[in-house]
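J.:
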Amino acid sequence: MQRLLIVEDDIIICGGIKVFLEGKGYAVDCAYTFSEAEEALQHSYSLVILDINLPDGSGMELCRKIRSAGNIPVIFLTANDTEKDMIEGFQAGCDDYIAKPFSVELLNQRIMAVLRRSAQDSSGDLFHYKDLSVDFGKMQVSRSQVPVKLSVTEYRLLELLIKNKGQVLTRESILGRIWDCDGNYVDENTLNVHIRRLRQKIEPDTKNPQYIITVFGIGYTFGE
Numbered sequence: 036m037q038r039l040l041i042v043e044d045d046i047i048i049c050g051g052i053k054v055f056l057e058g059k060g061y062a063v064d065c066a067y068t069f070s071e072a073e074e075a076l077q078h079s080y081s082l083v084i085l086d087i088n089l090p091d092g093s094g095m096e097l098c099r100k101i102r103s104a105g106n107i108p109v110i111f112l113t114a115n116d117t118e119k120d121m122i123e124g125f126q127a128g129c130d131d132y133i134a135k136p137f138s139v140e141l142l143n144q145r146i147m148a149v150l151r152r153s154a155q156d157s158s159g160d161l162f163h164y165k166d167l168s169v170d171f172g173k174m175q176v177s178r179s180q181v182p183v184k185l186s187v188t189e190y191r192l193l194e195l196l197i198k199n200k201g202q203v204l205t206r207e208s209i210l211g212r213i214w215d216c217d218g219n220y221v222d223e224n225t226l227n228v229h230i231r232r233l234r235q236k237i238e239p240d241t242k243n244p245q246y247i248i249t250v251f252g253i254g255y256t257f258g259e
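For the sequence shown, the numbering used here gives the first residue as 36, with consecutive numbering after it.
As structure tokens, this is what we get:
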């Protein structure tokens with residue numbers, strides 16, 4: 036069953052969409068604030084329906100974070116209906132943009148269309164190296180076919196290294212592109228902690244790592 040996240044501060048609108056989409060066979064969660072959405076996004080979703088105006092942050096900024104962290108499709112559902120708003124939404128990385136008021140049936144059709152496109156694009160989302168497998172579309176990691184539970188920051192770190200496989204990433208480069216679940220960029224000490232924990236979870240032998248390789252004096256690279 037595909038799981039959707041609705042990020043909408045209007046409880047009545049969110050509840051109505053949730054009931055309708057559950058009737059269409061989806062599992063649906065609701066988040067009413069930016070911070071609730073960030074917490075919810077530590078779990079895996081097939082698609083996010085996102086309002087721009089949230090009480091404690093911008094939906095545009097949340098969309099950028101979702102897009103930088105993975106490939107979860109995003110549909111904006113918002114009262115901000117000017118051309119400028121729509122252009123900004125697509126520039127932030129959304130896959131579709133629906134202005135309020137809206138038809139729930141139209142929303143369902145848009146969801147199905149975006150999920151179809153996402154499924155067609157997902158073939159490049161699978162990564163295998165030795166006994167490590169990563170499904171970027173689902174944000175799932177496994178080793179020897181056994182699921183590995185990573186924190187959001189650990190996953191982002193692993194994804195960054197894999198997608199730059201063959202390159203040495205400096206510590207400064209990594210620090211400028213990784214943040215924690217609260218939206219704060221990690222510091223030097225925190226990066227060391229995340230590297231150590233990530234190795235403990237994915238490396239067969241942490242004393243002789245084969246995935247997260249330290250290039251002394253520079254940074255890290257993925258694989259040999």
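Positions of the beta carbon are idealized from the N, C-alpha and C atoms, including for glycine.
Tell me, to the nearest whole angstrom, how far the beta carbon of threonine 68 is from that of glycine 94; I am working on the premise that it is less than 8 Å.
T.: Counting from 1 along the sequence shown, the entry for residue 68 is found at position 33. Counting from 1 along the sequence shown, the entry for residue 94 is found at position 59. Not a contact, Cβ separation roughly 11 Å.
J.: Taking isoleucine 84 as part of the beta strand (DSSP E), name the residues at either end of that continuous run.
T.: The residue you call residue 84 lines up with position 49 of the sequence shown. 82 to 85 is the span of the beta strand (DSSP E), which, as asked, contains isoleucine 84.
J.: Alpha carbon to alpha carbon, how far is aspartate 116 from aspartate 86?
T.: Sequence index remark: in the sequence shown, residue 116 carries index 81 (1-based). Sequence index remark: in the sequence shown, residue 86 carries index 51 (1-based). Computed Cα separation, rounded: 12 Å.
J.: I believe methionine 174 touches serine 81 by the beta-carbon criterion, under 8 Å. Please report the beta-carbon distance rounded to the nearest angstrom.
T.: Position 139 of the sequence shown, counted from the first residue, corresponds to residue 174. Position 46 of the sequence shown, counted from the first residue, corresponds to residue 81. The Cβ separation is near 11 Å, so there is no contact.
J.: Taking DSSP's pairing of strands, which residues face histidine 163 in a bridge?
T.: For this step, residue 163 is matched to residue 128 along the sequence shown. DSSP output for histidine 163 lists Ser168 as bridge partner(s).
J.: Is glutamine 175 helix, strand or coil when you go by DSSP?
T.: Here residue 175 refers to the residue found at position 140 when the sequence shown is read from its first residue. Three-state result, glutamine 175: strand.
J.: Would you call the region 162 to 176 and the region 230 to 250 in contact, with 3 or more CB pairs under 8 Å?
T.: Judged by Cβ distances under 8 Å, the region 162 to 176 makes contact with the region 230 to 250, as three or more pairs qualify.
J.: Would a C-beta distance cut-off of 8 Å place glutamine 37 and leucine 141 closer than the cut-off?
T.: Within the sequence shown, numbered from 1, the residue matching residue 37 stands at position 2. Within the sequence shown, numbered from 1, the residue matching residue 141 stands at position 106. For glutamine 37 and leucine 141, no; Cβs fall outside 8 Å.
J.: Cutting at 6 Å between CB atoms, please list the residues of its own chain near alanine 127, excluding the five before and the five after it.
T.: Against the sequence shown, residue 127 aligns to sequence position 92. Met95, Cys98 and Arg99.
J.: Which of the three DSSP states is assigned to isoleucine 253 in this structure?
T.: As a first step, residue 253 is located in the sequence shown; it is residue number 218 there, counting from the start. Correct three-state label for isoleucine 253: coil.
J.: With C-beta atoms as the reference, is threonine 205 less than 8 Å away from isoleucine 253?
T.: Looking up residue 205 in the sequence shown gives position 170. Looking up residue 253 in the sequence shown gives position 218. In contact: threonine 205 and isoleucine 253 (Cβ atoms closer than 8 Å).
J.: Between the beta-carbon of cysteine 49 and the beta-carbon of glutamate 43, is there less than 8 Å?
T.: Here residue 49 refers to the residue found at position 14 when the sequence shown is read from its first residue. Here residue 43 refers to the residue found at position 8 when the sequence shown is read from its first residue. Yes, the Cβ-Cβ distance between cysteine 49 and glutamate 43 is below 8 Å.
J.: Could you tell me the boundaries of the beta strand (DSSP E) in which threonine 113 lies?
T.: By one-based count along the sequence shown, residue 113 stands at place 78. Where threonine 113 is concerned, the enclosing beta strand (DSSP E) stretches over 109 to 113.
J.: Measuring CA to CA, which of Ala104, Ile107, Glu73 and Arg102 is closest to aspartate 91?
T.: As a first step, residue 91 is located in the sequence shown; it is residue number 56 there, counting from the start. The residue with the shortest Cα to Cα distance from aspartate 91 is Glu73.
J.: Can you name the start and end residues of the beta strand (DSSP E) that arginine 191 belongs to?
T.: Translated into the one-based positions of the sequence shown, residue 191 becomes position 156. First-last for arginine 191: 187 to 198, but that is the alpha helix (DSSP H), not the beta strand (DSSP E).
J.: Buried or exposed: where does lysine 184 fall if 16 or more other Cβ atoms within 10 Å of its Cβ makes it buried?
T.: Reading the sequence shown from its first residue, position 149 is the one you call residue 184. So lysine 184 counts as exposed.
J.: So, for glutamate 223: in the same chain, excluding its five sequence neighbours on each side, which residues have a beta-carbon less than 8 Å away from its beta-carbon?
T.: The residue labelled residue 223 in the question sits at position 188 within the sequence shown. Closer than 8 Å at the Cβ level, and outside the excluded window around glutamate 223, lie Arg206 and Leu210.
J.: Considering only the beta carbon of each residue, do isoleucine 110 and isoleucine 146 sit closer than 8 Å?
T.: On the sequence shown, position 75 is the one that residue 110 refers to. On the sequence shown, position 111 is the one that residue 146 refers to. Yes, the pair counts as a contact, with Cβ atoms nearer than the cut-off.
J.: Should valine 176 and leucine 193 be called a contact, given that it needs their Cβ atoms to be closer than 8 Å?
T.: What you label residue 176 is simply residue 141 of the sequence shown in a count that begins at 1. What you label residue 193 is simply residue 158 of the sequence shown in a count that begins at 1. Yes.
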